[in-house]
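Enquirer: Have a look at this one.
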Amino acid sequence: AEIFRYYGGLAGELKGETIPLGENMLSYTRREPLGVVGAVIPWNAPVLLGALKIAAGVVAGNTVVLKAAEDAPLGVMLMAEICQEFLPGGVLNLLTGYGEECGGPLATHPGIAKLSFTGSTEVGKIMMRAAAERIVPVSLELGGKSPSIVYPDANEDWVVDGIIAAMRFTRQSQSCTAGSRLFLHADIFDSFLDKLADKTSKLKLGDPLDEETDIGTVINEKQFRRVCGYVEDGLKREDARLVMGGMPPESGPLSEGYFTMPTLFADASNDWRLAREEIFGPVLVAIRWTDEDEVIRMANDSHYGLAAYVWTHDIGAGLRAAHAIESGWVQVNQGGGQLPGHSYGGYKQSGLGREFSLEGMLESFTQRKNVTVNLETPRA
């Protein structure tokens, strides 16, 4: 609701600018809709991301064809039904089905004037190729391997809570902004990990429909096996230490579903597979640092650049790190999610374009036209 309310308030901001070219020349720009927007959203936050693309696209004057991932919860369908009560027929259209059946044809359809995709980097490359084939604009919000940098003055409980929030443990870390690379200063490395393991152990795993549950299951068997594969790899590494978690239990209630344990490996290197690849599950890797320039280099040593987190009482150090990190969204001393108004998007292979904001709506869902008028014409 906040997203629809936010974008509804931006309708009057779809305006251009006047360009001074002399007394007898009127020149101005205007923002025009692109046409039909093909929007593809993932399964991990379909209502939020669906609302984002619908609201921004429609307020900018476009029609929207929305395709949700086949594993997405059905809440996105209910949202579309509610929207239909307020929108003219044909403004919002919803496709359901597999990517090969629906996503591919949508991306290549000649009637689509713009592609807006949120999902994996691999599929994002396919969408980008489809857009390039027809030369249509595309915005991509893709994967991430986000760093959390903790300075030595931040060895405190509120930072531990922030790391848990940034890691998205309560969503089984099924988030592209999960802070899955934890860079801890050597002076606080062991004590901070002890606090983190203790606090995380108090989170309750169980039935997602139980109000007392903190952490539910991963989305499906494929993702479950993927996460378990990374955990197995970590357990085999002699130079990595398991601090908490590990493989799922083989007996008891948690063995009867796709439950994965919040897992933390310490003393890892930044070039390790678990520190470089997006796992999309609750597997956190902790890496020591002592020099600020070196930790920034390690944070940037990734082909991803979506989000980052910095934790310190020294605001100068926090801003210095925020400006140096190659990520589209850096949070200092907080680990929450996106809010309406954030200009959200990635660097490098984490995507192209911005959404969630006025700037993002103008950039991603409109096109600019320049009109120039000669005011000094010969009299008849």
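Everything in the sequence shown is counted per the numbering used here, starting at 1030 for the first residue and increasing by one.
The C-beta atom is built at its ideal place from N, Cα and C for all residues, glycine as well.
1) Could you tell me which of R1254, K1233 and R1163 sits nearest to I1244, measuring between CA atoms?
2) Quick one: what's got a C-beta closer than 7 Å to R1332's C-beta in the same chain, skipping five residues either side?
3) By Cβ distance below 8 Å, which residues in the same chain neighbour E1241 in space, the five residues on each side in sequence not counted?
4) Got a sec? Which residues, its chain only, sit under 8 Å from T1292 by beta carbon, not counting five neighbours each side?
5) Let's test the definition: count the other Cβ atoms within 10 Å of the Cβ of Y1035 and tell me whether it reaches 16, buried, or not, exposed.
6) So is Q1363 buried or exposed if we call it buried at 16+ other beta carbons inside 10 Å?
7) Would you check if the stretch 1292-1306 and the stretch 1139-1156 touch, i.e. whether three or more CB-CB distances between them fall below 8 Å?
8) If we ignore side chains and look at the alpha-carbon of each, how far apart do F1294 and V1165 end up?
9) Excluding the 5 residues flanking L1116 on each side, which residues of the same chain have their C-beta closer than 8 Å to its C-beta?
10) Could you name the residues of the same chain whose beta carbon sits closer than 7 Å to that of A1226, not counting the 5 residues immediately before and after it, in chain order?
11) To the nearest whole angstrom, what separates the beta carbons of P1075 and G1037, a pair I think is in contact under 8 Å?
12) Find the nearest neighbour of L1078 within the set T1406, P1237, R1158 and R1383, judged by alpha-carbon distance.
13) At the level of alpha carbons, what is the spacing between M1156 and A1409?
14) Do you know how far the Cα of W1072 is from the Cα of L1169?
15) Report yes if the C-beta distance between E1300 and D1182 is below 8 Å; otherwise report no.
16) From G1041 to L1050, what does the alpha carbon distance come to, in whole angstroms?
17) Taking Cβ positions, are T1229 and I1193 nearer each other than 8 Å?
18) Is T1289 helix, strand or coil by DSSP?
19) Give, in chain order, every unbroken run of the alpha helix (DSSP H) that is at least 4 residues long and sits entirely within the stretch 1045-1113.
20) Check whether the stretch 1082-1098 and the stretch 1106-1123 touch, using three or more Cβ-Cβ pairs below 8 Å as the test.
21) So, for F1033: in the same chain, excluding its five sequence neighbours on each side, which residues have a beta-carbon less than 7 Å away from its beta-carbon?
22) Alpha carbon to alpha carbon, how far is L1381 from V1361?
23) Can you tell me the Cα-Cα spacing of K1082 and N1091, whole angstroms?
24) When you compare only the Cα positions, how much space is there between R1326 and E1267?
25) Rounded to whole angstroms, what's the CA-CA distance from D1219 to D1296? Just pull it up for me.
26) Measuring straight from C-alpha to C-alpha, what distance separates E1355 and S1393?
27) Out of P1176, T1150, N1053 and N1184, which has the shortest C-alpha to C-alpha gap to T1406?
Expert: The answer reads as follows:
1) K1233
2) According to the sequence as given, residue 1332 is His; it is not Arg. Taken in chain order, the residues that qualify are K1377 and Q1378.
3) K1233 and G1235
4) V1260, G1263, L1271, M1273, G1274, G1275, P1311, V1312 and L1313
5) If you draw a 10 Å sphere on the C-beta of Y1035, you find 16 or more other C-beta atoms in it, and that means buried.
6) Taking all protein chains shown into account, Q1363 has fewer than 16 neighbouring C-beta atoms within 10 Å of its C-beta and is therefore exposed.
7) The stretch 1139-1156 vs the stretch 1292-1306: no contact.
8) 43 Å
9) V1087
10) V1272, M1273 and L1293
11) Cβ atoms of P1075 and G1037 stay farther apart than 8 Å, at about 21 Å.
12) R1383
13) 54 Å
14) 16 Å
15) First, the amino acid is wrong: residue 1300 is Asp here, not Glu. Cβ atoms of D1300 and D1182: not closer than 8 Å.
16) 26 Å
17) yes
18) coil
19) 1075-1088 and 1104-1113
20) yes
21) Within the same chain, F1033 has close Cβ partners A1080 and A1084.
22) 23 Å
23) If I take the Cα positions, the gap works out to 11 Å.
24) A straight line joining the alpha-carbon of R1326 with that of E1267 spans about 25 Å.
25) 10 Å
26) Looking at the two C-alpha atoms, the distance is approximately 21 Å.
27) N1053
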